[in-house]
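Chemist: Sharing a structure here in structure tokens format.
Number of protein chains: 2
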Amino acid sequence: MAEIQPFQVMEIWNRAKELESQGKHIVQMQIGEPDFSAPDPVIAACSEALKHNPIHYTSALGMPLLRQAISQHYRERYRLDVPASRIAVTAGASGALLTATGVLVNPGDEFLMPDPAYPCNRHFVRFFEGRVNSIPVGPQTQYQLTPELIAAHWSEKTRGVLIASPSNPTGTMLTPEALRAIIETVHARGGVAIVDEIYQGLTYASEFASALAYSDRIFVVNSFSKYFSMTGWRLGWLVVPQDCVREVESFAQNAFICPSAPAQYAGLAAFAPETTQILEERREEFRRRRDYLLPALRELGFSIPVTPQGAFYIYAGIERFAADSGKFALDLLNEAGVAITPGKDFGAYQAERYVRFAYTRSMGDLREGVRRLREFLCA
Amino acid sequence: MAEIQPFQVMEIWNRAKELESQGKHIVQMQIGEPDFSAPDPVIAACSEALKHNPIHYTSALGMPLLRQAISQHYRERYRLDVPASRIAVTAGASGALLTATGVLVNPGDEFLMPDPAYPCNRHFVRFFEGRVNSIPVGPQTQYQLTPELIAAHWSEKTRGVLIASPSNPTGTMLTPEALRAIIETVHARGGVAIVDEIYQGLTYASEFASALAYSDRIFVVNSFSKYFSMTGWRLGWLVVPQDCVREVESFAQNAFICPSAPAQYAGLAAFAPETTQILEERREEFRRRRDYLLPALRELGFSIPVTPQGAFYIYAGIERFAADSGKFALDLLNEAGVAITPGKDFGAYQAERYVRFAYTRSMGDLREGVRRLREFLCA
């Protein structure tokens, strides 16, 4: 546990709360949670289940109907054949990552990951006494790993890679070709790929390519928290190779018994056409926000060399303003009332040069945030 | 993972389902889940929250109101002062055990546990590469560890003990004196005690003694699944020493983000007087079932030398009937349509001599089960 760092952003959060309790208004651009709640049909499905169904344990891998619904979602929306038998419903993406790493990581096993990356991904590997080799990535590779980087860093101890597309904090995606080449590189070395696709659905430019199009020998993590706006419910899923299903089931039985049943009932309505309509409107709203915030930040002087194509983050270089992004974020909060996340939360490589903006709040908030940023930077 | 055994009872479950699908009626005495659903006020609290509250992430340690409600429950019902700050709300007792072991267990650390015990408790220690020293216990010590056994088995690698009262599978409890003496023995060696109290509230003879009466330097696991009949919701809690709260919070943030919020809203009503009235009636029903099943099994020839005082299990010796409890359970299912759990699920020590009966089904079912048992044993 000594190596599991607390999120640096907690300092920002706590300070923001303190300021708010003093009556100051804070523009929240640090939050990785959509401002939307679960769509009405999803809430209605849960309410109905509470009325009519006993909320007992479900199968460890989740309700068969929900696993089938996810399989159908892959088929209808992404033209992918992912049998329900390979889908484990989990307690959020957290539960999926815990299951994947619990099953795959033995002490000393090394996993290659990009730096910057979502910090918990690193921690899950550490929980099970694996080692993370964080490979510095920059704008040259869209802040993503490449087959060349993987080949160059592969060692005897390397068990596999953990990649994310779209990425948190950068919002960048792997092209279909890049994704396929990475998986081939890993497989050629007898390794395993864990692919974090929790922002699937929240993409604004190119079509989303799931790694499942290229291999059925990978672990894919997904979530109902982002595109489906079901954060507090704690519902996600994990796609695994067919011959790992029993081991995954055994881990899930022991570690969780099952995912929360009310959330599973709610999830059954997540793929209904009326839900999809709501979610697609929200995606358009996220796109509007990105299309506003991205040029505004660039105009202010932040360096954003790679246009983010998904998720709801912009990873921005602050080299024109400051040398220490932690101090920059704290000053910005204290002096201008804008909360953002310093780069340190996502790794070590050039972390002091970057901050992450989240566009998870309304256009009005974003405009006010940009106004305050302009004032702060020109002061 | 290779050392994480699947539950043996799964074979029984699958066979039972198979028989049911052939139209046979099976008396279920293998189920560790109460037949009651969440009390109406609990369901109503969740439905109301779904109407009025956005279901967003909560604090990693749970909603402050729920932590306070649990603290108040300890104060009002058990006259114990357990501050809310030491209480972490978790995804069931599973989440509590995962958190406790995640924080406490380093590779090679040894934990002492009784054999028989709840199998997942063993597995949680193994997940984090700890070792379990399972100490054989029998009726002489109420199937519980004693200070003498702990002292005799303590080694340089021993980090602590994991005990349960009431115990699954035996239903036996530690007396207040025994509990206090165990904790003192562990503390005298600089060790840590994890105490599983998930059957708190479901006791039928002596008053329940929480280990929290004797130390604030222990980890206590609890659950909304048993006394509160909230199985599928996946809600529990963990009480930790004050100076471990930050580490526990960091683990919970990383591993879970937070417990499922709809379940937390529901849990807020779990301690209301109208809920308690329902739950106390259910406890009386469990007592009636125990008071029927226990003498009936003894009369049939099962050996039950220690009267179970809590939970909803009877651990019964089959030495008068058979030498292999796994085969006995399967024969009983196939020939008489009664499902029970073989001793192997709970350890290795004399496991072939024992089976576990659960009284989680109606009096009618229990009577039919006993009738079928009589027929089977006399055939």
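As given, the protein sequences belong to chains A and B, one line each in that order.
Take the first sequence: its position 21, counting from 1, is numbered 21 in the numbering used here, and each next residue is one higher.
Take the second sequence: its position 117, counting from 1, is numbered 496 in the numbering used here, and each next residue is one higher.
Heads up, the beta-carbon is just placed ideally off N, CA and C, and yes, glycines get one too.
If the criterion is Cβ atoms closer than 8 angstroms, does the pair L524(B) and S544(B) meet it?
Modeler: Your numbering for residue 524(B) matches position 145 in the second sequence. Your numbering for residue 544(B) matches position 165 in the second sequence. Cβ distance not < 8 angstroms, so L524(B) and S544(B) don't count as in contact.
Chemist: Based on Cα-Cα distance, which residue from Q68(A), A252(A), H123(A), S225(A) lies nearest to A60(A)?
Modeler: Indexing the first sequence from 1 puts residue 60(A) at position 60. Ranking Q68(A), A252(A), H123(A), S225(A) by Cα distance to A60(A) puts A252(A) first.
Chemist: Just the chain A side, please: which residues come within less than 7 angstroms of S426(B) by C-beta, in chain order?
Modeler: As a first step, residue 426(B) must be located in the second sequence, where it is residue number 47. S47, L50, listed in chain order.
Chemist: With a threshold of 6 angstroms on Cβ separation, who are the neighbours of P418(B) within its own chain once the five nearest residues in sequence on each side are excluded?
Modeler: Position 39 of the second sequence, counting from 1, holds the residue named residue 418(B). Result list for P418(B): T654, I657, in chain order.
Chemist: Give a yes or no on contact between the stretch 469-481 of chain B and the stretch 594-613 of chain B, applying the rule of three or more CB pairs nearer than 8 angstroms.
Modeler: Short answer: they touch.
Chemist: Given a threshold of 16 other Cβ atoms within 10 Å of its Cβ, counted over all protein chains shown, does Q30(A) qualify as buried or as exposed?
Modeler: For this step, residue 30(A) is matched to residue 30 along the first sequence. Looking at its Cβ environment, which holds 16 or more other Cβ atoms inside 10 Å, Q30(A) is buried.
Chemist: Please say whether A336(A) and E375(A) have beta carbons closer to each other than 8 angstroms?
Modeler: The count along the first sequence starts at 1 and reaches residue 375(A) at position 375. The count along the first sequence starts at 1 and reaches residue 336(A) at position 336. Result yes, Cβ atoms of E375(A) and A336(A) sit closer than 8 angstroms.
Chemist: How long is the line joining the alpha carbons of V627(B) and R131(A), rounded to whole angstroms?
Modeler: Numbered from its first residue, the second sequence carries residue 627(B) at position 248. Numbered from its first residue, the first sequence carries residue 131(A) at position 131. C-alpha separation (whole angstroms): 21 angstroms.
Chemist: Is it the case that the stretch 444-459 of chain B contacts the stretch 640-650 of chain B, given that we only count it when at least three CB pairs across the two stretches are under 8 angstroms?
Modeler: Cβ pair count under 8 angstroms is three or more, so yes.
Chemist: Which of the three DSSP states is assigned to Y694(B) in this structure?
Modeler: By one-based count along the second sequence, residue 694(B) stands at place 315. The answer is strand: DSSP assigns Y694(B) an E or B state.
Chemist: For R446(B), count the other beta carbons within 10 Å of its own beta carbon; 16 or more makes it buried, fewer makes it exposed. Which is it?
Modeler: Along the second sequence, one-based indexing puts residue 446(B) at 67. Answer is buried; the Cβ neighbour count reaches 16.
Chemist: What is the rounded straight-line gap between the Cα of A695(B) and the Cα of P526(B)?
Modeler: Sequence index remark: in the second sequence, residue 695(B) carries index 316 (1-based). Sequence index remark: in the second sequence, residue 526(B) carries index 147 (1-based). About 25 angstroms.
Chemist: So, using beta-carbon positions, are Y671(B) and C425(B) closer together than 8 angstroms?
Modeler: Residue numbering aside, residue 671(B) sits at position 292 when the second sequence is read from its first letter. Residue numbering aside, residue 425(B) sits at position 46 when the second sequence is read from its first letter. Result no, Cβ atoms of Y671(B) and C425(B) do not sit closer than 8 angstroms.
Chemist: With DSSP as the reference, please indicate the residues paired to W237(A) in a beta bridge.
Modeler: In the first sequence, counting from the first residue as 1, residue 237(A) sits at position 237. Answer by DSSP bridge pairing, in chain order: V89(A), N222(A).
Chemist: Quick one: does C499(B) have its CB under 8 angstroms from some CB of chain A?
Modeler: Counting from one through the second sequence, the residue named residue 499(B) turns up at place 120. Closer than 8 angstroms: yes.
Chemist: Just to make sure I have the definition right: I need the residues of chain A whose C-beta is within less than 9 angstroms of the C-beta of F635(B). Which are they?
Modeler: Within the second sequence, residue 635(B) is the residue found at index 256, counting from 1. Within 9 angstroms Cβ-Cβ: A91, G92, S94, G95, L98, R234.
Chemist: Identify the contact partners of Y57(A) in chain B, using a Cβ-Cβ distance below 8 angstroms as the criterion.
Modeler: Reading the first sequence from its first residue, position 57 is the one you call residue 57(A). Those within 8 angstroms of Y57(A) in chain B are E412, T610, G611.
Chemist: Do L429(B) and I43(A) come within 8 angstroms of each other at the CB atom, strictly closer than that value?
Modeler: Within the first sequence, residue 43(A) is the residue found at index 43, counting from 1. Within the second sequence, residue 429(B) is the residue found at index 50, counting from 1. Yes.
Chemist: By DSSP's criteria, P114(A) is part of a beta bridge. Which residues make up the other side?
Modeler: Here residue 114(A) corresponds to residue number 114 of the first sequence, with the count starting at 1. For P114(A), which the question treats as bridged, DSSP gives the partners I135(A).
Chemist: 8 angstroms is my cut-off, CB to CB: does G722(B) come that close to chain A?
Modeler: Working through the second sequence from its first residue, we reach residue 722(B) at position 343. It does not; no Cβ of chain A falls within 8 angstroms.
Chemist: Using Cβ-Cβ distances below 9 angstroms, what residues of the stretch 255-288 of chain A are close to chain B?
Modeler: If the cut-off is 9 angstroms between Cβ atoms, the stretch 255-288 of chain A has A255, F256, I257, C258, P259, S260, A261, P262, A263, Q264, A266 near chain B.
Chemist: Would you kindly report the start and end of the unbroken beta strand (DSSP E) that includes R538(B)?
Modeler: As a first step, residue 538(B) is located in the second sequence; it is residue number 159 there, counting from the start. Run containing R538(B): 537-543, per the beta strand (DSSP E) assignment.
Chemist: Starting from the C-beta of A701(B), find all residues in its chain whose C-beta is less than 6 angstroms away, skip the five residues before and the five after it, and write them out in chain order.
Modeler: Working through the second sequence from its first residue, we reach residue 701(B) at position 322. Once the five neighbours on either side are set aside, the close Cβ partners of A701(B) are F707.
Chemist: Applying a beta-carbon distance threshold of less than 7 angstroms, which residues of chain B neighbour A38(A)?
Modeler: As a working note, residue 38(A) is residue 38 in the first sequence. What A38(A) touches in chain B: I434.
Chemist: Just to confirm before moving on: does the CB-CB distance between F725(B) and P498(B) stay below 8 angstroms?
Modeler: Taking the second sequence and counting its residues from 1, the one referred to as residue 725(B) is at position 346. Taking the second sequence and counting its residues from 1, the one referred to as residue 498(B) is at position 119. Cβ atoms of F725(B) and P498(B): closer than 8 angstroms.
Chemist: Any C-beta of chain A sitting closer than 8 angstroms to the C-beta of P548(B)?
Modeler: By one-based count along the second sequence, residue 548(B) stands at place 169. Cβ-Cβ to chain A under 8 angstroms: no for P548(B).
Chemist: For H452(B), which residues in the same chain have their Cβ closer than 8 angstroms to its Cβ, ignoring the five residues on either side in sequence?
Modeler: Translated into positions along the second sequence, residue 452(B) becomes position 73. So the list reads F650, once near-sequence residues are dropped.
Chemist: Using a Cβ-Cβ distance under 8 angstroms, would E397(B) count as near chain A?
Modeler: In the second sequence, the residue the question calls residue 397(B) occupies position 18. No - not a single Cβ of chain A is within 8 angstroms of the one on E397(B).
Chemist: Spell out the partners DSSP gives A266(A) in its beta bridges.
Modeler: The count along the first sequence starts at 1 and reaches residue 266(A) at position 266. For A266(A), which the question treats as bridged, DSSP gives no partner whatsoever.
Chemist: Touching or not, the stretch 235-244 of chain A and the stretch 109-129 of chain A, by the rule of three or more beta carbon pairs under 8 angstroms?
Modeler: The stretch 235-244 of chain A is not in contact with the stretch 109-129 of chain A.
Chemist: Can you find the residues in the same chain that come closer than 7 angstroms, C-beta to C-beta, to I87(A), ignoring five residues on each side of it along the sequence?
Modeler: Here residue 87(A) corresponds to residue number 87 of the first sequence, with the count starting at 1. Closer than 7 angstroms at the Cβ level, and outside the excluded window around I87(A), lie R67, I70, S71, W237, V239.
Chemist: Taking the alpha-carbon positions, what's the V355(A) to D324(A) distance?
Modeler: Stepping through the first sequence from its first residue, residue 355(A) is reached at position 355. Stepping through the first sequence from its first residue, residue 324(A) is reached at position 324. Answer to the nearest angstrom: the Cα atoms are 10 angstroms apart.
Chemist: Just to confirm my understanding: we take I391(B), look at its own chain, exclude 5 residues before and 5 after, and list those with CB closer than 8 angstroms. What are they?
Modeler: By one-based count along the second sequence, residue 391(B) stands at place 12. For I391(B), where only same-chain residues beyond five positions count, the Cβ hits under 8 angstroms are Q409, A708, L709, L712, A718, I719, T720, P721.
Chemist: Please look up how many angstroms separate the CB atoms of T58(A) and G611(B), rounded, as I've assumed it's under 8 angstroms.
Modeler: Looking up residue 58(A) in the first sequence gives position 58. Looking up residue 611(B) in the second sequence gives position 232. Rounded, the Cβ-Cβ distance is 6 angstroms, consistent with contact.
Chemist: Taking the alpha carbon of K605(B) as the reference point, which residue from I577(B), A588(B), Y593(B), R613(B) has its own alpha carbon closest?
Modeler: Sequence index remark: in the second sequence, residue 605(B) carries index 226 (1-based). For the residues I577(B), A588(B), Y593(B), R613(B), the minimum Cα distance to K605(B) belongs to I577(B).
Chemist: Could you work out which residues of chain A lie near G481(B), taking near to mean beta carbons separated by less than 7 angstroms?
Modeler: Translated into positions along the second sequence, residue 481(B) becomes position 102. Going along chain A in sequence order, the residues near G481(B) (Cβ under 7 angstroms) are F127.
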